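There are 2 protein chains.
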Amino acid sequence: MDPRTQSRFEARARILKAMAHPTRLLILDELSREARCVGHLQEIVGADVSTVSRHLAILSEAGLVTRSRRGNQVLCTLTVPCVMNFFSCIETVLQTAARQSIDLVG
Amino acid sequence: MDPRTQSRFEARARILKAMAHPTRLLILDELSREARCVGHLQEIVGADVSTVSRHLAILSEAGLVTRSRRGNQVLCTLTVPCVMNFFSCIETVLQTAARQSIDLVG
DNA sequence: TGCGTATTTGCCAAATTAGCCAAAATGCGT
DNA sequence: ACGCATTTTGGCTAATTTGGCAAATACGCA
C-alpha cells in the first residue's frame, strides 16, 4: 500500500483511538459545553485525579484538547468542536443495530 | 454518574474503538466506495486473511459492517455510510495540530 | 462423496492500555 | 521559604489488543 495513504490512516486512527474510551468521551462532551479545569472534570468522571489527568494527556496529545495553566489550575478546552457532530452518526449506527435485532426477534 | 449516561458513552466508545485502527479505517474507506468480499479486502490490506477476517468481525460486531454469504465468499457492506463524513472533521483536527506546530516553530 | 477455494476460529507471544497509589511538580498566598 | 491546593508522573499489575500460523469450517462443483 502507498505509504502516504498508510500514514494518513494511521493519523486518523490515532485520533479515533484517543476518543474511543467512555471516560474520554464524557470529558469531550463536557468540554463541548464549556472549558473546564481538571478538578471539575474529575468530579464528573468520578475516578482518581491521576487517571483523569492521564486521559487528558491522551486527548491533548491527539490534538483534541488544549491545556493551559490558569494559576493554580489547568484549564482544558476543546480544540475542534466539530468532533461532537459525529455522534449523530454514531447514534444512527446504534439505532440501525437495534432495529436489526428487533427484526431478528420479531 | 447516571448509569444511563454511562452506558450511552460506553456504546459510543465501542463504535469508535472498532474504527480506531488503521487497517479497519482502510477497510471502511474501501467499503464506502463499494461492497467487497474478504479476499478483495485482504489484497488491499496486505495482511494475513485471518487477520483481515478478525478486523471484519470487529467491524461487524460494532454494527458498522454487514457480512453476507455470496456462495463461496462473504460480501462485506458498510451499514452506515455516514461514518466516513467524520473524516472531514478529523482532518480539521490534524490541520489544527499542524498549524499549532508551525506557530511554535515560526 | 471428495476436492479446491474462501473464510473463520483456536492458540500463542508481544505490545499496549487502564487504573490506582505514592511521590514529584507547579503555582498561589503568607 | 513554607504550607496548601492542583495537577502530573513513576511504578506496578491486570486486562485487552494485535497478528500470524495452523486447523477447522462453509460452499460450489465434479
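As you go down the protein sequences, you meet chains A and C in turn.
All residue numbers for the first sequence refer to our numbering, where the first residue is 828 and numbers rise by one.
All residue numbers for the second sequence refer to our numbering, where the first residue is 828 and numbers rise by one.
Note that beta-carbon positions come from the ideal geometry of N, C-alpha and C, so glycine has one too.
In this text, all values refer to a predicted model and were calculated from it rather than measured experimentally.
Determine, using beta carbons only, whether cysteine 903 of chain A comes closer than 8 Å to chain C.
no
For chain A, is any of its Cβ atoms less than 8 Å away from the one on asparagine 899 of chain C?
No, its Cβ sits nowhere closer than 8 Å to a Cβ of chain A.
According to a CB-to-CB cut-off of less than 9 Å, which residues of the segment 870 to 887 of chain A neighbour chain C?
Taking 9 Å as the upper bound on Cβ-Cβ separation, chain C lies near residues Ile871, Val872, Gly873 of the segment 870 to 887 of chain A.
Report all residues from its chain with a CB closer than 7 Å to the CB of glutamate 857 of chain C; omit the five preceding and five following residues, and keep chain order.
Arg863, Leu868, Ile871
Which of helix, strand or coil DSSP assigns to threonine 906 of chain A:
coil
Rounded C-alpha distance that separates phenylalanine 914 of chain A from glutamine 900 of chain A:
30 Å
For chain A, is any of its Cβ atoms less than 8 Å away from the one on proline 830 of chain C?
No, proline 830 of chain C does not count as interfacial toward chain A.
Within chain C, the residues that alanine 862 of chain A reaches when beta carbons sit closer than 9 Å:
Going along chain C, no residue has its Cβ under 9 Å from alanine 862 of chain A, so there is no contact; the nearest lies around 16 Å.
For threonine 923 of chain C versus threonine 906 of chain A, is the C-beta spacing smaller than 8 Å?
yes
To which residues of the same chain is leucine 855 of chain C closer than 8 Å at the C-beta, ignoring the five residues directly before and after it?
Met846, Leu886, Leu891, Val892, Leu905, Val910, Met911
Alpha carbon to alpha carbon, how far is histidine 882 of chain C from alanine 840 of chain A? Give it in angstroms, no decimals.
14 Å
If I measure Cβ to Cβ from proline 908 of chain A and keep anything under 8 Å in the same chain, skipping five residues before and after, which residues do I get?
Ser859
With DSSP as the reference, please indicate the residues paired to glutamine 900 of chain C in a beta bridge.
Note: glutamine 900 of chain C sits in a beta bridge opposite C:Arg897.
Counting only C-beta atoms, is leucine 858 of chain A closer than 8 Å to chain C at any point?
no
Confirm, please, whether the CB-CB distance from glutamate 837 of chain A to proline 849 of chain C is below 8 Å.
yes
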